[in-house]
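Here the sequence shown is numbered in my numbering, starting from 74 and rising by one per residue.
A virtual CB, placed ideally from N, CA and C, is assigned to each residue, including glycine.
This one's a predicted model, so the numbers in the text were calculated from it and none came from an experiment.
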Amino acid sequence: MSESDSDGEINSSDSSSELDVSGTRFNPLKALYSAKTKVPVNKAKLHDNVQTLESKQAILGGFDCPYDEDRIKQIRAATSKKKLPEPSGQPRRRFAPEQGPVQVQRPVRHRRNIFSRLEKGFEGPLAKLQEWMNQRTRVRIYTRKQKGVRGHISGIIELFDRHWNIAVSDVSESWRRRKYRYSENNFDPDAIGAPQDCSDRLRELGIVLPQPKARCDGKKYVICTRTLPQLLILGNQVVLVTPEPCESSVPQVVASEEKK
Numbered sequence: 074m075s076e077s078d079s080d081g082e083i084n085s086s087d088s089s090s091e092l093d094v095s096g097t098r099f100n101p102l103k104a105l106y107s108a109k110t111k112v113p114v115n116k117a118k119l120h121d122n123v124q125t126l127e128s129k130q131a132i133l134g135g136f137d138c139p140y141d142e143d144r145i146k147q148i149r150a151a152t153s154k155k156k157l158p159e160p161s162g163q164p165r166r167r168f169a170p171e172q173g174p175v176q177v178q179r180p181v182r183h184r185r186n187i188f189s190r191l192e193k194g195f196e197g198p199l200a201k202l203q204e205w206m207n208q209r210t211r212v213r214i215y216t217r218k219q220k221g222v223r224g225h226i227s228g229i230i231e232l233f234d235r236h237w238n239i240a241v242s243d244v245s246e247s248w249r250r251r252k253y254r255y256s257e258n259n260f261d262p263d264a265i266g267a268p269q270d271c272s273d274r275l276r277e278l279g280i281v282l283p284q285p286k287a288r289c290d291g292k293k294y295v296i297c298t299r300t301l302p303q304l305l306i307l308g309n310q311v312v313l314v315t316p317e318p319c320e321s322s323v324p325q326v327v328a329s330e331e332k333k
């Protein structure tokens, strides 16, 4: 026999001894990846890890006791804490009436709004505005445009706030604009598109737009006027608020200028 044959027999004997579970040279890592590993007991119970096996054997009394799954369930059922049944119906009161919970009625928080602010009153120019509102005095509100004054709005003040947002009723608006809008004429006609008639859609919604009236003011400007039942004016558009000048005061001013 040659030396190679003797070495092969030694290696084969060593590998078989490492795969023997009951042997002293057992190699678990090699047995895990080897295809020649033989399980001593084919009906052995599978566990996730060694710790699970140790915990179950500890319940049975150690590794000297035989493994029994039904016995483990019986021991766990006997030693587990029983859950109390849920109470049915309303819980009974165990306290005297004077020991019960005290119902506290929280005061209603006073929320500030525009009406409470008007009741409190304003100071300065807003106080004059409130006076005209209470007296139902017709006022004239001058509005601005990007550069300069756009026009004026006449009406009766219904509500306002500290930001000069004013709600006006019985409105008569007048503003001045160029007769020919050169900025619109400079646009590309294709970019603007054809105008669309929305009168049918507005009629379905019940919206009636006021028709402005225009009159010439020189060669370049037109004065437009329209009447509205009510209007909301933003505070950033307000320039000046004054009482509506009486018609009788206009000829007096003209007469005084003629005398001069």
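Cutting at 6 angstroms between CB atoms, please list the residues of its own chain near T300, excluding the five before and the five after it.
Leaving aside the five residues that flank T300 on each side, the residues in its chain whose CB is nearer than 6 angstroms to its CB run, in chain order, S245.
Rounding to the nearest angstrom, what Cα-Cα distance links L105 and K146 in this structure?
Each residue's alpha carbon lies about 30 angstroms from the other.
Straight-line gap, A240 to Q310 (C-alpha atoms, nearest Å)
Each residue's alpha carbon lies about 13 angstroms from the other.
For I296, which residues in the same chain have their Cβ closer than 6 angstroms to its Cβ, ignoring the five residues on either side in sequence?
In chain order, R249, R288, D290 place their CB closer than 6 angstroms to the CB of I296, counting only its own chain and leaving out the 5 sequence neighbours on each side.
L92, DSSP secondary structure in three states:
Residue state, collapsed to three classes: coil.
Straight-line Cα distance separating I226 from T315:
Here the alpha carbons of I226 and T315 stand approximately 11 angstroms from one another.
Thinking just about the alpha-carbon of each residue, which of K129, K292, I132 is nearest to the one in K252?
Nearest C-alpha to K252: K292.
Report the partner residues of S245 according to the DSSP bridge assignment.
When beta bridges are read from the DSSP output, S245 appears opposite S227, T300.
Going by alpha carbons, who is nearest to C319 out of R211, R274, L305?
Among R211, R274, L305, the Cα nearest to that of C319 is on R211.
Those residues which DSSP pairs with Y294 across a bridge:
Per DSSP, R251, D290.
Look at the Cβ atom of S247, then the Cβ atom of G228, and state whether they are nearer than 7 angstroms.
Not in contact: S247 and G228 (Cβ atoms no closer than 7 angstroms).
Here's a check: name, in chain order, each residue in its chain whose Cβ is nearer than 8 angstroms to the Cβ of S95, leaving out the five neighbours to either side.
Closer than 8 angstroms at the Cβ level, and outside the excluded window around S95, lie P113.
Give the DSSP-derived three-state secondary structure of F188 in the structure shown.
Helix.
Using DSSP with H/G/I as helix, E/B as strand and the rest coil, what is A117?
In the structure shown, A117 sits in coil (DSSP, three-state: anything other than H, G, I, E or B).
Is the beta carbon of F195 less than 7 angstroms from the beta carbon of Q208?
Between F195 and Q208, the CB-CB gap reaches or exceeds 7 angstroms.
Looking only at DSSP bridge pairs, what is L275 linked to?
DSSP, once it has assigned bridges, lists no residue as partnering L275.
Contacting residues, own chain, Cβ-Cβ under 6 angstroms from K129 (five flanking each side not counted):
Only residues of its own chain outside the window of five on either side were considered, and among them I145 have a CB closer than 6 angstroms to the CB of K129, listed in chain order.
Nonlocal neighbours in the same chain, by C-beta distance under 6 angstroms from K218, ignoring five residues either side:
Apart from sequence neighbours up to five positions away, no residue of its chain approaches K218 with a beta-carbon distance below 6 angstroms.
Look at the alpha carbon of I187 and the alpha carbon of R167, and state the distance between them as a whole number of angstroms.
In this structure, the CA atom of I187 is about 51 angstroms from the CA atom of R167.
Beta-bridge partners of V314, as assigned by DSSP
V314 is bridged to I214.
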